[in-house]
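Note sheet for the following structure.
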Amino acid sequence: MAEEMLRGEETLAVGERFKTFIENFRTEEGKLKYVEAVRRMINYEETSLEIEFKDLYRYDPLLSEILLEKPSEFLKEASEALKEIVAQESPEYAQGRVFTPRFTGLFDTVRIRDVGSDHVGKLVQINGIVTRMHPRATRMIRARFRHDRCGAEFWWPPTEDEVLGERVERPSICPVCGEGGGKFILVRDKSLYIDWQKIVVQERPEDVPGGQIPRSLEVHLSRDLVERVRPGDRVKIVGVVGLQSFSASSTLYSLYMEANSILLEEKILEEVSITREDEEKILQLARDPWIKEKIIASIAPTIYGHWDLKEAIALLLFGGVPKQRPDGTRTRGDIHVLFVGDPGVAKSQLLQSTAQVAPRVVYTTGKGSTAAGLTAAVLRDPRTGEYFLEAGALVLADGGIAVIDEFDKMSKEDRGVIHEAMEQQTVSIAKAGIKATLSARASILAAGNPKFGYYDPARSFVDNVDLPAPIISRFDLIFVVRDVIEKSRDEMLASYVLETHTNVELFKPEIDPELLRKYIAYARKHVKPRLTPQAKKLLKDFYVEMRSSALHHSSQEGAKPVPITTRQLEALIRLTEAHARMSLKQEATEEDAIAAIRIMTSVLQSIGLDLETGEIDIGIIMTGASFRSRKIMSEVLDLIKSVVEEEKGGQGCVRASEIVKRLGEKNIPEEKVRDAIDKLYRQGLIIEIRTECYKAV
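Residue numbering for the sequence shown follows the UniProt record's numbering, starting at 1 and increasing by one per position.
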């Protein structure tokens, strides 16, 4: 029936019926929905009319069937009909403009991996993430030619409702004089152009079957859809599936989609469907006084112990509350957690278990799964030579969680920009004429290996990991997981592992993983806890007391290390809010603050401890060196500067042996001096003029 209506003169019926729909469709309140929409379109000087597919189906089911089966012909006629309607309202505005009906909300959504030859020429709807974006281009849709023999100019294709394909094909006969000889000269400045852009949309992580790689689809945007989206955006696209060939003689074609409409999905975990029955189960769970313990126990139940690590994962899954200040600045609510430890201590298993219960997650490695790495990159298309922007893991995880194994193996490019992604939660790119700022509002759960294979407790945390201090300092919680030989613990661990292989039923999670995913999604979407005055006081007292302890020592022994900064205070606020969210509480109480302080104190004592003094020194995390090490580095630098300036007239360098000798007179051990020289050299504060002879930069 749909095909019959599109044959011969009956094509007009589509345009007429569409016009009738626009002019007569009423809402339940009796309003002429699309007549008002057309007037708004004119008032806002727009050229697209958004139409809900369900409205068309309700008004004219046959017309909706034609749209799905023969979209190209339908949209051509509907565009003309829409122009007539606009002309009735405003003849001047309709003059010289093309109007496009854009349909949203098709009843069926096709998975990107299922789009195939059966869909060619059909209107389909897909969900996905924009992973690649090419710069805006200008596409010629109608060419203006001049025939060199008769001098006449004409349009090609000759009719307005036809457009050029991928290539400009010159006519064989002049439509004005009828002659076939001579040249047809393209008059570029008189030809007709539109904005055009190519993007690539990839399957959402939650839509990818286990063990499969995500599939992608090339999508073409035109007119006012250009620059509508950015890499990392989750989109719902309605469009016509087409074929494109890379060579004229090839029998193989690739699929692409000509977009008709694009809707950006909300970042608030819309992919997790929560029914009324689910909501009742979630609220019932929240009333359980042991809910927090049950949530933690449901994370990687087959892994023995590691309660603190599982608690940290739970806090990360729920997250704190982001704040938007009046001046436009934003404070992140996402919690970042890092595990560093020996091989075989279940780090990767913990990460994989997290990926199974997280509502929205991107799992990758430090090297990244694409050339874009963890953040984003400007790459070059080997076929066309043009540059395009490709999103990395953190951009794709926007609004969710990025799980990154082998975090210490990240590329130099990522190391340079990941600070911004972790704190400001954006990724800025300016390269090859492409300038963009992408959102990367994701929690990071990362795991890395010690620099020397196994963690050396005799060295500081920063010396044990191959990560710069500025990156380490942006993690809210950091855990060292060591494989320590201890007979009683080893016996319990061995029994536990053996039991997991023989009695699987014993290790069922306390909460079903699917229900836990929905519980987390519900909490992140609906629960925005605020700190009670008592919780605020507790956090404030802890912060002031920690800093006062350093002040107390300084009056007796000189300057002392800073044990905590406002960065840790902000982390405490996020952890307190996350703890409250686990119980779906709208208020974060003293109990939540105490839990946050406990886990933060544990972390500071583990990785922020100065091994020489036994005091907590946040500088070890923030700068990569303890207070005493920084003091020695300062003395080495001052000595090099003074010797070169005062004794060598600003020329030459100072030998390492001379530095060791002079500072040895101040009772500074040789290994500490040489360690300071090495750190100054790696930081670029001194240069080696010749072997073991240094000068300040």
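All C-beta atoms, glycine included, are put in the ideal place defined by N, C-alpha and C. Computed from a predicted model, the values in this text were never measured in an experiment.
| Asked | Found |
| --- | --- |
| For histidine 336, name the three-state secondary structure that DSSP assigns. | coil |
| Using a threshold of 8 Å, state whether the C-beta atoms of proline 450 and valine 462 are closer than that. | no |
| Can you say whether threonine 426 is buried or exposed, counting buried as having 16 or more other CB atoms within 10 angstroms of its CB? | buried |
| Where does the unbroken beta strand (DSSP E) through glutamate 688 begin, and where does it stop? | 686-690 |
| Report the residue ranges of all beta strand (DSSP E) runs contained in full by the segment 30-57; include only those spanning at least 3 residues, in chain order. | 48-52 |
| By how many angstroms is the C-alpha of methionine 422 removed from the C-alpha of aspartate 60? | 51 Å |
| Could you round the C-beta distance between alanine 143 and leucine 186 to whole angstroms and report it? I think they count as a contact, below 8 Å. | 6 Å |
| For serine 583 and serine 298, what's the separation of their Cα atoms in angstroms? | 15 Å |
| Drop a sphere of 10 angstroms on the beta-carbon of glutamate 390, count the other beta-carbons inside from all chains shown, and report buried for 16 or more, exposed for fewer. | buried |
| I'd like to confirm the pairing. Which residues does DSSP put opposite cysteine 693 in its beta bridges? | Arg655 and Arg690 |
| Would you please state the rounded distance, in angstroms, between the beta carbons of lysine 193 and methionine 140? I believe it to be under 8 Å. | Looking at the sequence provided, one finds tyrosine at residue 193 rather than lysine. Contact flag correct, Cβ pair sits at about 6 Å. |
| Run through DSSP, which three-state label would threonine 589 get? | coil |
| Between valine 240 and valine 124, what straight-line distance do the alpha-carbon atoms span, to the nearest angstrom? | 6 Å |
| Counting along the chain, where does the alpha helix (DSSP H) carrying serine 642 start and finish? | 627-642 |
| Flag this pair as yes or no: are the beta carbons of glutamine 651 and methionine 600 separated by less than 8 Å? | no |
| Can you find the residues in the same chain that come closer than 6 Å, C-beta to C-beta, to phenylalanine 53, ignoring five residues on each side of it along the sequence? | Phe103, Gly105 and Leu106 |
| With a 10 Å radius around its C-beta and 16 neighbouring C-beta atoms as the bar for buried, classify alanine 494 as buried or exposed. | exposed |
| Just checking: is the beta-carbon of isoleucine 112 within a distance shorter than 8 Å of some beta-carbon in chain D? | Protein chains in the displayed structure number just one, and chain D is not present. |
| So the beta strand (DSSP E) serine 147 belongs to, where does it begin and stop? | It should be noted that the sequence gives histidine, not serine, for residue 147. Histidine 147 -> beta strand (DSSP E) spans 137-147. |
| According to the neighbour-count rule (16 or more other Cβ atoms, all chains shown, within 10 Å of its Cβ), is phenylalanine 452 buried or exposed? | exposed |
| Roughly how many whole angstroms lie between the Cα atoms of residue 713 and phenylalanine 388? | This structure does not reach residue 713, given that the chain is present from 1 up to 697, and the question cannot be answered. |
| Let me check understanding here. Comparing Cα to Cα, which of Met410, His119, Leu56 and Ile42 lies closest to glutamine 88? | Ile42 |
| Using a Cβ-Cβ cutoff of less than 7 Å, which residues in the same chain neighbour glutamine 324 once the five nearest sequence positions on both sides are dropped? | Arg330 |
| Taking C-alpha atoms, which residue in Glu179, Arg132 and Ile597 lies nearest to cysteine 150? | Glu179 |
| Exposed or buried, what is lysine 412 when buried is set at 16 or more other beta-carbons lying within 10 Å of its beta-carbon? | exposed |
| Would you give the residue range spanned by the alpha helix (DSSP H) that alanine 259 belongs to? | Taken as a continuous stretch (DSSP letters only), alanine 259 belongs to no alpha helix (DSSP H), being part of the beta strand (DSSP E) at 254-264. |
| Sorted by chain position, which residues of the same chain lie with C-beta nearer than 6 Å to proline 509's C-beta, five sequence neighbours on each side aside? | Ser298 and Pro301 |
| Comparing alpha-carbon positions, which option in Gly319, Cys174, Lys31 and Val120 lies nearest isoleucine 573? | Gly319 |
| Taking threonine 100 and serine 48 to be in contact with their CB atoms under 8 Å, please state how far apart those CB atoms are, rounded to whole angstroms. | 5 Å |
| Taking the C-alpha atoms as reference points, what is the distance between glutamate 80 and lysine 431? | 42 Å |
| Which word fits serine 605, buried or exposed, when buried means at least 16 other C-beta atoms lie within 10 angstroms of its C-beta? | Going by the sequence as given, residue 605 is glutamine instead of serine. So glutamine 605 ends up on the exposed side. |
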